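**Q** Chains as they are written, first to last, in our numbering: chain A, 1 to 347; chain B, 1001 to 1353. Even for Gly, the Cβ is constructed at its ideal location relative to N, Cα and C. No experiment lies behind these values; they were computed from the predicted model shown.
In structure tokens form, the structure reads like this:
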């Protein structure tokens, strides 16, 4: 994806975790070290004021990307460039401090991400104090009240404890805390997955309103494609640590290329009840410790051939879109889809 | 209002007529009938009502979806039917009938024989519903031998056949493995095999696909539906996911604050909801292909059990609420093909019927 002056760009980002057995057992069993490639060389860029969504099934590495971007993990390889500054190269705390307040994170579980012993006022005041944004305590209170009102809570709610709020209200508090340091960029890791649908609608509407008012950019991690359709401008589909397709969201939803993207879109329950026909895809996500060789999706892919098993697919550009699939690269995908569709019995 | 005895008799009358109306829709006989079920939690400040006067039936070979947000009482209803309520929760009123036999007043020992044999269960988390210390084969065989009179080798054969039926590859080998050796989707298949192993008449499935990824979810839904058709079992499918309901259920009951607010054929409820809550709920679900700047949202949240407002429990959030809604609680009223607990449908024509 070619983006002029992006707020965030990651280049060849990788993260491996050491999942080796204990030393003694390795010696006894004559095993080597084993690593898990959670994120394997991904590239994307987020334009200013826009939302890029990463989707994929559990274990695909999407949450690891979120944690890498905010610096909760250090990358094994690659660059994370935030507004022209390479975060991965920065080491010292003082170097980080000036950029750190410009991006914040919202977590999935609003019950685990707020300290139950702190009043809401103190929770939201912490980033303000940590970054030295306020001149005095009155200014802190003013900023806390402002942020509570931004998320449609009352300034008086600051006196309460988190347990006095419902799940949706707690997620509003998390958003208020994230906004307290006046960031430009928010990383949201499944922010509505723990919420009921009617509350999810409230939070999604709030996030869109805030984006418009404050010019925020979002990296939005989700497994729910309908939510992503609603909120994202750009979409990245991940499978076993690799980004298999990335590009403008509307384009991918209308005309998915990678067979895995097609499968994901096909698996969305049909709320319209049109009775549309699906191409069945069997199997499950393989273990990321021993991923299949070549294209990771080949054991589940109805269009795979020998090359898919042997060779890791490179990048194919289609307009603004980037796809990693041999069938797309060779231009044989459409014919293959036709063939499989004819072979499968009418559902 | 709830403790008023005259109001209670009123309710029974209205449910009876409603049952008749439903019988004309589907001619199959009901496998499970729930009548005016009430579940309470005893507390220091009086009882909390988690399920309040819920009546429905599930017919042979039918999938009834029960949908609602957290705290709506849907799982409580399921747990009350199979009598697995955690104390201090208890059934405070109403009846549960299975195939013409009343089961809510059976002794614990009698209920044990009903559970597993005549009602199967599938829970949300497959890892906690399987014992990690026993092989899946041992768990299947144990269940079969508890309820059926057969030898151990016959039971093992039946278990292998069941595993094959739920789509587990190489079942002869997999039967001697432990639950941790199965992936999430495969584990849920084992749980379904466990629920089906003695051909129950009724299956209560509580959020069977919630812990699974979307691609696996579609596989499990299809499996559950096919198996129930083949075995002729009735299914009560409890979920918060309208998409799952749309794909699977024949009829759907929408719950709110412990009550059924709307019940009817799934297509009518989804496409043409009669209760303002159902309408709001459907509007708040994002759909691929619908370009909306904002999602429709229902203001506020579901009341806590201690703070259920008088009259219709939805009235503080309802855009159409009028005076009657704040005072008098609506029962299910016929509104086209569905029934909705909403005074908007209490027209003079309806009253004359």
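#1: Suppose only complete runs of 3+ residues qualify. What are the beta strand (DSSP E) ranges in the stretch 86-113 of chain A, listed by chain order?
#2: Using a beta-carbon distance cut-off of less than 7 Å, what residues from the stretch 1149-1174 of chain B approach chain A?
#3: Given residue 1280 of chain B, which residues of its chain have a CB within under 7 Å of its CB, disregarding the five upstream and five downstream residues?
#4: Counting only beta-carbon separations shorter than 8 Å, does residue 225 of chain A have a partner in chain B?
#5: Of the residues that make up the stretch 1223-1243 of chain B, which ones have a beta carbon closer than 8 Å to any beta carbon in chain A?
#6: Mind checking residue 1175 of chain B: buried by the 16 CB within 10 Å criterion, or exposed?
#7: Grouping DSSP H, G and I as helix and E and B as strand, with all else coil, what is residue 15 of chain A?
#8: Taking only beta carbons into account, state which residues of the stretch 147-174 of chain A come closer than 7 Å to chain B, listed in chain order.
#9: Enumerate in chain order the residues of its own chain whose CB-to-CB distance from residue 2 of chain A is below 7 Å, with the five nearest sequence positions on each side excluded.
#10: Output the distance between the C-alpha atoms of residue 296 of chain A and residue 32 of chain A, rounded to the nearest integer angstrom.
#11: Which word fits residue 1323 of chain B, buried or exposed, when buried means at least 16 other C-beta atoms lie within 10 angstroms of its C-beta?
#12: Determine whether the beta carbon atoms of residue 246 of chain A and residue 322 of chain A lie at a separation below 8 Å.
#13: Does residue 1337 of chain B get closer than 8 Å to chain A when you measure Cβ to Cβ?
#14: Please determine, among B:1225, B:1106, B:1058, B:1052, the residue with the shortest C-alpha to C-alpha distance to residue 1257 of chain B.
#15: Determine the burial state of residue 116 of chain A: buried for a count of at least 16 other Cβ atoms within 10 Å of its Cβ, exposed for fewer.
#16: Flag residue 1008 of chain B as yes if its beta-carbon sits less than 8 Å from any beta-carbon of chain A, otherwise no.
#17: Grouping DSSP H, G and I as helix and E and B as strand, with all else coil, what is residue 1101 of chain B?
#18: Establish whether the CB of residue 255 of chain A and some CB of chain B are separated by less than 8 Å.
#19: By the three-class DSSP mapping on this structure, what secondary structure does residue 1239 of chain B have?
#20: Whose C-alpha, out of B:1044, B:1231, B:1307, is nearest the C-alpha of residue 1062 of chain B?
#21: 8 Å is my cut-off, CB to CB: does residue 1297 of chain B come that close to chain A?
#22: When the cut-off is 8 Å and only beta carbons count, does residue 202 of chain A lie next to chain B?
#23: Excluding the 5 residues flanking residue 113 of chain A on each side, which residues of the same chain have their C-beta closer than 7 Å to its C-beta?
#24: Would you mind stating whether residue 185 of chain A and residue 217 of chain A have Cβ atoms separated by less than 8 Å?
#25: Which of helix, strand or coil does DSSP assign to residue 1228 of chain B?
#26: Give me the chain A residues within the contact set of residue 1305 of chain B, using Cβ-Cβ distance strictly less than 7 Å, ordered along the chain.
#27: Using a Cβ-Cβ distance cut-off of 8 Å, determine whether residue 1176 of chain B contacts chain A.
#28: Report the rounded CA-to-CA distance for residue 1252 of chain B versus residue 1300 of chain B, giving the unit in angstroms.
#29: Assuming contact is defined by CB atoms lying nearer than 8 Å, are residue 363 of chain A and residue 307 of chain A in contact in what I supplied?
#30: Kindly list the residues whose CB is nearer than 8 Å to the CB of residue 298 of chain A, restricted to its own chain and excluding five residues on each side of it in sequence; keep chain order.
#31: Identify the continuous beta strand (DSSP E) that holds residue 1037 of chain B and give its terminal residues.
#32: According to DSSP, what are the bridge partners of residue 1334 of chain B?
#33: For residue 239 of chain A, write down the residues that DSSP places opposite it in a beta bridge.
#34: Going by Cα to Cα distance, which pick from A:192, A:93, A:65 is closest to residue 242 of chain A?
#35: With three or more C-beta pairs closer than 8 Å as the rule, is the stretch 1086-1094 of chain B touching the stretch 1262-1269 of chain B?
#36: Any beta-carbon of chain B closer than 8 Å to the one on residue 96 of chain A?
**A** Straight from the coordinates:
#1: 103-106
#2: none
#3: Walking along the second chain from the start, residue 1280 of chain B turns up at place 280. Excluding sequence neighbours, residue 1280 of chain B sits near 1296, 1298.
#4: On the first chain, residue 225 of chain A is found 225 positions in, with the first residue counted as 1. For residue 225 of chain A, the answer is yes, since a Cβ of chain B falls inside 8 Å of its Cβ.
#5: 1240, 1241, 1242, 1243
#6: Residue mapping note: residue 1175 of chain B aligns to position 175 of the second chain, counting from 1. Counting Cβ neighbours within 10 Å, residue 1175 of chain B comes out buried, since at least 16 surround it.
#7: Taking the first residue of the first chain as 1, we reach residue 15 of chain A at position 15. Strand at residue 15 of chain A.
#8: Among the residues of the stretch 147-174 of chain A, those with a Cβ less than 7 Å away from any Cβ of chain B are 166, 168, in the order of the chain.
#9: The residue given as residue 2 of chain A occupies position 2 in the first chain. Sequence-distant Cβ neighbours of residue 2 of chain A in its own chain, meaning closer than 7 Å and more than five residues away, do not exist here.
#10: By 1-based counting over the first chain, the position of residue 296 of chain A is 296. By 1-based counting over the first chain, the position of residue 32 of chain A is 32. Rounded to whole angstroms, residue 296 of chain A to residue 32 of chain A spans 23 Å at the Cα level.
#11: As a first step, residue 1323 of chain B is located in the second chain; it is residue number 323 there, counting from the start. Burial call: exposed.
#12: Counting from 1 along the first chain, the entry for residue 246 of chain A is found at position 246. Counting from 1 along the first chain, the entry for residue 322 of chain A is found at position 322. Taking 8 Å as the Cβ cut-off, residue 246 of chain A and residue 322 of chain A qualify as a contacting pair.
#13: Start at 1 with the first residue of the second chain, and residue 1337 of chain B comes out as number 337. So no, residue 1337 of chain B is outside the interface.
#14: Position 257 of the second chain holds residue 1257 of chain B. Among B:1225, B:1106, B:1058, B:1052, the Cα nearest to that of residue 1257 of chain B is on B:1052.
#15: The residue you call residue 116 of chain A lines up with position 116 of the first chain. Residue 116 of chain A is exposed by the Cβ-count criterion.
#16: Sequence index remark: in the second chain, residue 1008 of chain B carries index 8 (1-based). Only weak support exists for where residue 1008 of chain B lies, its pLDDT of 41 falling under 50; the coordinates are left without a value.
#17: Locating residue 1101 of chain B in the second chain gives position 101, where the first residue counts as 1. Looking at residue 1101 of chain B - three-state DSSP - the assignment turns out to be strand.
#18: For the purposes of this step, residue 255 of chain A is taken as the residue at position 255 of the first chain. So no, residue 255 of chain A is outside the interface.
#19: The sequence position of residue 1239 of chain B within the second chain is 239, counting from 1. Residue state, collapsed to three classes: strand.
#20: Working through the second chain from its first residue, we reach residue 1062 of chain B at position 62. The candidate whose alpha carbon is nearest that of residue 1062 of chain B is B:1231.
#21: The count along the second chain starts at 1 and reaches residue 1297 of chain B at position 297. Cβ-Cβ to chain A under 8 Å: yes for residue 1297 of chain B.
#22: Locating residue 202 of chain A in the first chain gives position 202, counting from the first residue. With 8 Å as the cut-off, residue 202 of chain A counts as an interface residue toward chain B.
#23: On the first chain, position 113 is the one that residue 113 of chain A refers to. If we look at residue 113 of chain A and ignore the five residues flanking it on each side, its Cβ neighbours are 107, 174.
#24: Stepping through the first chain from its first residue, residue 185 of chain A is reached at position 185. Stepping through the first chain from its first residue, residue 217 of chain A is reached at position 217. Taking 8 Å as the Cβ cut-off, residue 185 of chain A and residue 217 of chain A qualify as a contacting pair.
#25: For the purposes of this step, residue 1228 of chain B is taken as residue 228 along the second chain, with counting starting at 1. The answer is helix: DSSP assigns residue 1228 of chain B an H, G or I state.
#26: Taking the second chain and counting its residues from 1, one reaches residue 1305 of chain B at position 305. What residue 1305 of chain B touches in chain A: nothing, since even the nearest Cβ is about 13 Å away.
#27: The sequence position of residue 1176 of chain B within the second chain is 176, counting from 1. So, not an interface residue.
#28: For the purposes of this step, residue 1252 of chain B is taken as residue 252 along the second chain, with counting starting at 1. For the purposes of this step, residue 1300 of chain B is taken as residue 300 along the second chain, with counting starting at 1. Those two C-alpha atoms are separated by around 24 Å.
#29: Nothing in the structure corresponds to residue 363 of chain A, since chain A is present only between 1 and 347.
#30: To locate residue 298 of chain A, count along the first chain from 1; it is residue 298. Non-local beta-carbon contacts of residue 298 of chain A in its own chain, meaning distances under 8 Å to residues more than five positions away in sequence, involve 292, 304, 308, 309 in chain order.
#31: Residue 1037 of chain B sits at position 37 when you count from the first residue of the second chain. Residues 1030-1041.
#32: Here the question's residue 1334 of chain B lines up with position 334 in the second chain. The partner list for residue 1334 of chain B (beta bridge, DSSP) reads B:1339.
#33: For the purposes of this step, residue 239 of chain A is taken as the residue at position 239 of the first chain. Beta-bridge pairing links residue 239 of chain A to A:242.
#34: Taking the first chain and counting its residues from 1, one reaches residue 242 of chain A at position 242. It is A:65.
#35: With the rule of 3 Cβ pairs closer than 8 Å, the stretch 1262-1269 of chain B does not count as touching the stretch 1086-1094 of chain B.
#36: In the first chain, residue 96 of chain A corresponds to position 96, counting from 1. At a cut-off of 8 Å between C-beta atoms, residue 96 of chain A does not count as an interface residue with respect to chain B.
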